[in-house]
Each structure stands twice: as C-alpha cells, then as structure tokens.
Amino acid sequence: MSDPGSAAAPADWPLYEVFIRSRSGLEHKHVGSLHAADARMAVEHARDVYTRRQEGVSIWVVRSADIVASDPADADALFEPARDKVYRHPTFYAIPDEVKNL
Amino acid sequence: MSGGAVAPVQGERALGEALCRYVLRLADTSLVLGQRLGEWVGHGPALEEDLGLANLALDLIGQARLLLTYAGEVEGKGRDEDALAYLRDAPEFLNLQLAEQPNGDFAQTIVRQWLIDCWQLEIYADLAGSSDGRLAAIAAKAVKETRYHHRFSSGWLARLGDGTAESRARTRAALDSLWRFTAELFAADEVDERMTAAGIAAPLAPAAERWRARVATDLDAATLALPPPPQYPWHGRRGVHTEHLGHLLGEMQHLQRAYPGVRW
C-alpha cells in the first residue's frame with residue numbers, strides 16, 4: 606500500500622499545463638495543470654482528471670517550464686496603452702444569430 | 007441456436023443455462039476487479055493515479071451492470087443486477103481468481119490489471135462479432151474502455167519494470183505471485199464449448215495465442231522475462247475461489263445484507 610496520506614505527486618514529477626478542446630472546430634483552452642513523469646503520462650492524467658464528464662475531444666499538454674510568460678511587473682508598459690483605445694473593439698458590426706462561438 | 011423442428015426444449019434450456027453462466031463469468035470478473043480497484047480510492051500514490059484507478063473501476067462496474075442485467079434476464083428467475091451482485095455467496099461467483107487477488111502494492115495492482123486487460127481485450131474483441139446481439143453490443147462498448155485500460159496498465163508496467171531497482175523487484179514479485187492464476191484465462195470447459203458451438207463465443211485457442219503475443223510484447227517493453235506456462239489450473243470460473251473473495255464480498259455486500267432492499 607502507499608504511504609498513508611501522501612496523495613501528492615512525487616516531487617520529481619514536473620508540472621504540465623493542460624489544454625482541452627471541448628468540441629471539434631473550437632480552440633484548445635487552458636483548463637489547469639497536473640504532475641506527470643513524462644508527456645505520455647501527462648496526456649493520460651489529463652484524460653483521467655479533466656475529461657471525466659465529456660469535457661473534451663482533444664488534449665494538449667505542455668511542460669509548464671517551457672511556457673514563456675510576460676512579467677507581471679511589465680503589465681503597465683504592455684497593457685496600459687490599450688486602455689484608452691476602445692475604438693479597437695469592433696462593436697459596430699452586427700453579428701448574425703447563426704454565428705456561434707465568435 | 008438450433009432452429010430444427012425437433013429441437014428439444016431441454017437442449018434450449020441447457021443452452022440458456024450455459025449462456026447465463028458464460029455471461030456471469032464475464033460480469034463477475036469485471037465486478038470483482040472493479041470493487042478491488044475501488045479500494046484504492048483515497049489511497050492512490052498521486053491524486054492523478056487515484057482518479058485514474060477510479061475511472062477504471064467505474065468502467066468495469068459499468069460493464070458488470072450491463073452483463074449482470076443480461077444474465078438475470080437469460081436466467082429468467084427475476085433476479086436483477088443488484089440481486090446478482092449483492093445476494094450471491096462466494097461459491098456462486100464465477101470470476102477469474104486473478105481478479106479477486108488483493109491489491110498489494112501498486113505493482114501488484116498494475117500487474118493484475120494488465121493481465122486482465124490483455125485478456126479482456128481478446129475476449130471482448132471476439133465477442134463484438136457474436137451472434138448474440140446483446141453480448142456483441144456490450145462487448146463493442148467494453149472493448150473501447152479496455153483499450154484505454156491496457157494503455158494505462160501497460161504504460162505503468164513498462165515504467166515499473168524498467169524503472170528503479172525497487173520498482174523492478176516489486177514488479178517481478180507481483181508477476182511471480184500472479185502468473186499462476188493465468189492458467190484459467192483461456193482454459194475452455196463445457197460452457198465455453200457450448201458457446202462456441204452456438205456461435206455466441208469464438209474459439210479460445212486463437213485468443214490465447216494473441217494474448218500470449220501481447221503479454222510477451224509488453225513484458226519485453228518492461229524488460230521483464232516471460233514466465234513459463236503455469237503448471238496447475240485454477241477454477242474461479244467454476245466457483246472455486248481463494249480466501250480473498252469472501253472478504254471482498256463481505257465488504258461489498260454488507261449494506262444489502264444488513265438492510266435488505268435499502269435504497270438511497
């Protein structure tokens with residue numbers, strides 16, 4: 606039997622980010638993260654943890670360490686300039702009812 | 007099934023009884039293995055494995071429900087899935103003895119799972135083409151689930167067998183202790199022969215060949231040696247069991263035995 610109370614993944618299992626495509630034609634969306642020993646196990650874990658209720662038809666996993674992220678300290682420089690440019694929102698287009706998922 | 011004008015009723019009754027036993031064997035193996043896996047819930051080596059094992063258990067119990075319901079209908083004595091699961095004693099259970107073996111450590115659970123996954127893959131693949139439409143439909147659903155189970159268990163077998171010195175030693179020990187129970191996997195008896203003659207089940211010999219080949223391939227990937235064929239037959243499918251089944255049923259059936267007909 607396992608050590609009682611040790612439900613945490615082994616410390617040497619790297620973290621993976623999980624992306625699920627919920628239906629054909631839609632994009633993969635980030636749903637969470639998990640630990641796994643390698644990529645194959647990460648896909649299986651993602652299947653077992655994140656698609657138990659028919660959430661998806663496709664899974665992507667990527668090592669969290671391989672993600673290059675923006676620095677929160679740069680947020681002002683990166684995102685502030687867009688704040689006063691509301692005209693960039695294409696609000697003047699009428700979207701037909703038939704168009705979903707836009 | 008004999009459609010001849012002089013088909014004796016007795017012959018049909020015998021076929022029905024054999025079919026009921028045949029279906030119960032499949033059902034009980036899934037049910038007992040599912041119950042065993044359920045014992046891991048909350049104790050898995052990692053949260054992800056905990057959920058993974060529970061998923062396997064739920065697939066197996068789902069198969070057992072479909073099969074038990076069908077066995078009860080074939081039997082024709084008004085027993086439903088619950089009556090068959092909760093109100094039979096150990097000698098009436100017809101599961102493989104392999105399925106009832108204790109969880110042991112993670113390696114033992116994985117080796118047991120993998121051996122049965124390989125067995126179910128062949129049995130369900132053949133049954134999907136059965137002349138019995140009900141069994142064919144259940145098997146077609148189950149074989150998809152089993153493909154994932156095998157992917158899970160063979161993946162772990164390779165990791166553990168080809169892993170650290172300790173994981174390798176534990177996996178070899180599990181293989182050594184469980185291998186003897188594989189003797190009954192494809193040992194055809196009169197029930198199997200009747201099913202084969204009726205076109206309900208495929209002959210077991212070709213399935214046994216395929217099972218052996220897959221097992222050899224998986225063991226090779228795990229850098230483990232294929233053990234020699236087991237010497238002595240075991241008879242779980244005839245209702246002969248190791249002492250472990252009684253304890254398992256005691257836990258599984260406790261609620262229905264203590265409070266007959268209880269619902270929630």
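As you go down the protein sequences, you meet chains Y and H in turn.
Just so we're aligned, residue 606 is where the first sequence starts under my numbering, counting upward by one.
Just so we're aligned, residue 7 is where the second sequence starts under my numbering, counting upward by one.
Every residue, glycine too, gets a C-beta built ideally from N, C-alpha and C.
The model shown is predicted, which means the values in this text are computed figures rather than measured ones.
Kindly indicate which residue of Y:Pro-615, Y:Asp-617 and Y:Glu-622 has the alpha-carbon position closest to the one of Y:Ala-670.
Taking the first sequence and counting its residues from 1, one reaches residue 670 of chain Y at position 65. Per the Cα distances, Y:Glu-622.
State the DSSP-derived secondary structure class of Y:Tyr-692, mapped to helix, strand or coil.
Taking the first residue of the first sequence as position 1, residue 692 of chain Y is located at position 87. Correct three-state label for Y:Tyr-692: helix.
Determine whether the Cβ of H:Glu-172 lies closer than 8 Å to any Cβ atom of chain Y.
Here residue 172 of chain H corresponds to residue number 166 of the second sequence, with the count starting at 1. No, no contact with chain Y.
Determine, for H:Leu-57, whether the minimum Cβ-Cβ distance to residues of chain Y falls below 8 Å.
For the purposes of this step, residue 57 of chain H is taken as the residue at position 51 of the second sequence. Yes, its Cβ sits closer than 8 Å to a Cβ of chain Y.
Can you confirm whether the stretch 660-674 of chain Y touches the stretch 622-635 of chain Y when touching is taken to mean that 3 or more C-beta pairs between the two stretches lie within less than 8 Å?
At 8 Å Cβ cutoff, the stretches touch.
Please state whether DSSP places H:Arg-94 in a helix, a strand or coil.
Taking the first residue of the second sequence as position 1, residue 94 of chain H is located at position 88. In this structure, H:Arg-94 counts as coil in the three-state DSSP scheme.
Can you tell me which of the three DSSP states H:Glu-45 falls into?
Locating residue 45 of chain H in the second sequence gives position 39, counting from the first residue. Looking at H:Glu-45 - three-state DSSP - the assignment turns out to be coil, as it is neither helix nor strand.
Would you decide whether Y:Arg-657 is buried or exposed? Buried here means 16 or more other CB atoms lie within 10 Å of its CB.
Along the first sequence, one-based indexing puts residue 657 of chain Y at 52. So Y:Arg-657 counts as exposed.
Quick one: which unbroken beta strand (DSSP E) runs of 3-plus residues sit fully inside the stretch 611-665 of chain Y? Chain order, please.
Counting only runs of 3 or more, we get 620-626 and 633-640.
How many Å lie between H:Trp-125 and H:Leu-191 at the Cα?
Within the second sequence, residue 125 of chain H is the residue found at index 119, counting from 1. Within the second sequence, residue 191 of chain H is the residue found at index 185, counting from 1. Approximately 7 Å between the Cα atoms of the pair.
Is the Cβ-Cβ distance between H:Pro-266 and H:Thr-188 less than 8 Å?
By one-based count along the second sequence, residue 266 of chain H stands at place 260. By one-based count along the second sequence, residue 188 of chain H stands at place 182. The answer is no: Cβ separation not under 8 Å.
Below 8 Å CB to CB, which residues in the same chain sit around H:His-250 once its five sequence neighbours on both sides are set aside?
Working through the second sequence from its first residue, we reach residue 250 of chain H at position 244. The residues are Glu-106, Gln-107 and Pro-108.
Is DSSP giving H:Val-117 helix, strand or coil here?
Counted from its first residue, the second sequence places residue 117 of chain H at position 111. Three-state result, H:Val-117: helix.
If we count the other Cβ atoms within 10 Å of its Cβ and call it buried at 16 or more, is H:Leu-210 buried or exposed?
Locating residue 210 of chain H in the second sequence gives position 204, counting from the first residue. That one is buried.
Please name the residue or residues paired with Y:Val-667 in a DSSP beta bridge.
Position 62 of the first sequence holds residue 667 of chain Y. DSSP lists Y:Glu-622 as partners of Y:Val-667.
Should H:Leu-104 be labelled buried (16 or more other beta-carbon atoms within 10 Å of its own) or exposed?
As a first step, residue 104 of chain H is located in the second sequence; it is residue number 98 there, counting from the start. It counts as buried.
Please check the pair H:Ala-2 and H:Ala-146, which I expect to be a contact at CB under 8 Å, by giving their CB distance rounded to whole angstroms.
With chain H covering only 7 through 270, there is no way to say anything about residue 2 of chain H.
Shorter than 8 Å from the beta carbon of H:Arg-165 to some beta carbon of chain Y?
Stepping through the second sequence from its first residue, residue 165 of chain H is reached at position 159. Chain Y, which has a Cβ nearer than 8 Å to the Cβ of H:Arg-165, makes this yes.
Does any residue of chain Y bring its CB to less than 8 Å from the CB of H:Gly-68?
Position 62 of the second sequence holds residue 68 of chain H. Answer no: the Cβ-Cβ gap between H:Gly-68 and chain Y never drops below 8 Å.
If we count the other Cβ atoms within 10 Å of its Cβ and call it buried at 16 or more, is H:Trp-217 buried or exposed?
Along the second sequence, one-based indexing puts residue 217 of chain H at 211. By the 10 Å Cβ count, H:Trp-217 comes out buried.
Compare the C-alpha of Y:Ala-616 against each of Y:Asn-706, Y:His-640, Y:His-633 and Y:His-635 and name the closest.
Position 11 of the first sequence, counting from 1, holds the residue named residue 616 of chain Y. Nearest option by C-alpha distance: Y:His-640.
Figure out for me which residue from H:Leu-230, H:Ala-142, H:His-260 and H:Glu-196 has the closest Cα to the Cα of H:Tyr-130.
Taking the first residue of the second sequence as position 1, residue 130 of chain H is located at position 124. Closest option to H:Tyr-130, Cα to Cα, is H:Ala-142.
Between H:Ala-89, H:Leu-225 and H:Ala-52, which lies nearest to H:Trp-185 when the distance is taken from Cα to Cα?
Position 179 of the second sequence, counting from 1, holds the residue named residue 185 of chain H. Ranking H:Ala-89, H:Leu-225 and H:Ala-52 by Cα distance to H:Trp-185 puts H:Leu-225 first.
Would H:Ala-113 and H:Leu-166 be called neighbours here (beta carbons separated by less than 8 Å)?
Here residue 113 of chain H corresponds to residue number 107 of the second sequence, with the count starting at 1. Here residue 166 of chain H corresponds to residue number 160 of the second sequence, with the count starting at 1. In this structure, H:Leu-166 lies closer than 8 Å to H:Ala-113 by Cβ.
Just to confirm my understanding: we take Y:Ser-607, look at its own chain, exclude 5 residues before and 5 after, and list those with CB closer than 8 Å. What are they?
The residue given as residue 607 of chain Y occupies position 2 in the first sequence. Bear in mind that the predicted position of Y:Ser-607 carries a pLDDT of just 40, short of 50, making it too unreliable to give a figure here.
Chain Y beta carbons: is any one of them nearer than 8 Å to that of H:Glu-257?
Numbered from 1 along the second sequence, position 251 holds the residue referred to as residue 257 of chain H. No, its Cβ sits nowhere closer than 8 Å to a Cβ of chain Y.
Could you name the residues of the same chain whose beta carbon sits closer than 6 Å to that of H:Arg-220, not counting the 5 residues immediately before and after it, in chain order?
For the purposes of this step, residue 220 of chain H is identified with residue 214 of the second sequence, where counting begins at 1. Same-chain partners within the cutoff: Cys-124.
Flag Y:Ala-641 as yes if its beta-carbon sits less than 8 Å from any beta-carbon of chain H, otherwise no.
Within the first sequence, numbered from 1, the residue matching residue 641 of chain Y stands at position 36. True, the Cβ-Cβ gap to chain H drops below 8 Å.
Is there at least one Cβ from chain Y nearer than 8 Å to H:Glu-54's Cβ?
The residue labelled residue 54 of chain H in the question sits at position 48 within the second sequence. True, the Cβ-Cβ gap to chain Y drops below 8 Å.
Please work out which residues of its chain come closer than 8 Å, Cβ to Cβ, to H:Asp-140, disregarding the five sequence neighbours upstream and downstream, and give them in chain order.
Within the second sequence, residue 140 of chain H is the residue found at index 134, counting from 1. Looking at the sequence shown, residue 140 of chain H is not Asp but Arg. Only Tyr-76 meet the Cβ criterion.
Does DSSP put H:Trp-125 in a helix, a strand or coil?
One-based indexing of the second sequence puts residue 125 of chain H at position 119. Here H:Trp-125 sits in helix by DSSP.
Please return the same chain residues whose Cβ sits closer than 6 Å to the Cβ of H:Gln-69, not counting the five positions on each side in sequence.
Taking the first residue of the second sequence as 1, we reach residue 69 of chain H at position 63. Ser-36 and Ala-148, listed in sequence order.
Mind checking whether H:Ser-159 and H:Ile-116 have CB atoms under 8 Å apart?
The residue given as residue 159 of chain H occupies position 153 in the second sequence. The residue given as residue 116 of chain H occupies position 110 in the second sequence. A contact, by the Cβ cut-off of 8 Å.
When you compare only the Cα positions, how much space is there between Y:Gly-637 and H:Glu-23?
Taking the first sequence and counting its residues from 1, one reaches residue 637 of chain Y at position 32. Taking the second sequence and counting its residues from 1, one reaches residue 23 of chain H at position 17. Approximately 51 Å, taken between the alpha carbons.
Just how far apart, CA to CA, sit H:Glu-45 and H:Val-29?
Numbered from 1 along the second sequence, position 39 holds the residue referred to as residue 45 of chain H. Numbered from 1 along the second sequence, position 23 holds the residue referred to as residue 29 of chain H. Distance between the alpha carbons of H:Glu-45 and H:Val-29: 25 Å.
With a threshold of 8 Å between beta-carbons, can Y:Glu-649 be considered close to chain H, or not?
Sequence index remark: in the first sequence, residue 649 of chain Y carries index 44 (1-based). Yes, its Cβ sits closer than 8 Å to a Cβ of chain H.
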